[in-house]
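In this text, residue positions in the sequence shown follow our numbering: the first is 18, and each later residue adds one.
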Amino acid sequence: MRITRVDVNLYRVPPDRVRVDAIQAMEALELALVEVFSDEGVSGVGFTYTIGKGGRALTTFIQDELVPLALGRTRSTPSASGRSAGGGHTGSAARASLPWV
């Protein structure tokens with residue numbers, strides 16, 4: 018099974034009201050949604066989120082840095098770096114969405 022396509026999309030979901038904590042206000046939930054497709058018709062979806070800032074940077078990082086590493090790989094292809102992608106929320110989404118990287 019080989020990865021043939023990866024779609025990365027950003028969605029902004031406004032809350033019913035602005036949420037505020039001690040350091041920021043959440044104007045929208047930004048969802049970075051990643052869908053991975055294989056040559057055998059198998060697909061999977063993963064996501065990560067921000068609370069209103071950085072969603073575009075996050076999806077650009079996934080598209081420009083992670084997708085090229087994933088395309089063409091198989092489950093048996095080792096990672097070029099020998100380790101999994103990142104940490105935190107970004108790393109979680111990357112590991113869920115791009116298990117072959």
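Cβ atoms here follow ideal geometry from the backbone N, Cα and C, with glycine treated the same way.
Would you list the one or two residues that DSSP bridges to residue i?
| i | result |
| --- | --- |
| F54 | R22 and S60 |
| A49 | L27 and T65 |
| R36 | M43 |
Just to confirm my understanding: we take residue i, look at its own chain, exclude 5 residues before and 5 after, and list those with CB closer than 6 Å. What are they?
| i | result |
| --- | --- |
| I68 | M43 |
| G61 | V53 |
| D25 | Sequence check: residue 25 is Val here, not Asp. Excluding sequence neighbours, V25 sits near V51, T76, I79 and Q80. |
| Y28 | L48 |
| R36 | M43 |
| E57 | M18 |
Report back the beta-carbon spacing between residue i and residue j to the nearest angstrom; my notes put them in contact at under 8 Å.
| i | j | result |
| --- | --- | --- |
| V30 | L48 | 7 Å |
| V23 | A87 | 6 Å |
| Y66 | L46 | 6 Å |
Under DSSP, the alpha helix (DSSP H) around residue i begins and ends at which residues?
| i | result |
| --- | --- |
| L86 | V84 to A87 |
| R73 | G72 to F78 |
Please go through the same chain and pick out, in chain order, the residues whose beta-carbon is closer than 8 Å to the beta-carbon of residue i, but skip the five residues on each side of it.
| i | result |
| --- | --- |
| V59 | M18 |
Against chain C, with Cβ distances strictly below 8 Å, would residue i count as a contact?
| i | result |
| --- | --- |
| A45 | Within the model displayed, chain C is absent; a lone protein chain is all it includes. |
Can you list, in chain order, the residues of its chain whose CB lies under 7 Å from that of residue i, leaving out five sequence neighbours each side?
| i | result |
| --- | --- |
| S55 | M18, R19, I20 and T21 |
| S98 | Confidence at S98 is low in this model, with a pLDDT of 49, below 50, so the placement of that residue should be treated as unreliable; the coordinate-derived value is given next. Nothing listed; no residue qualifies. |
| A39 | none |
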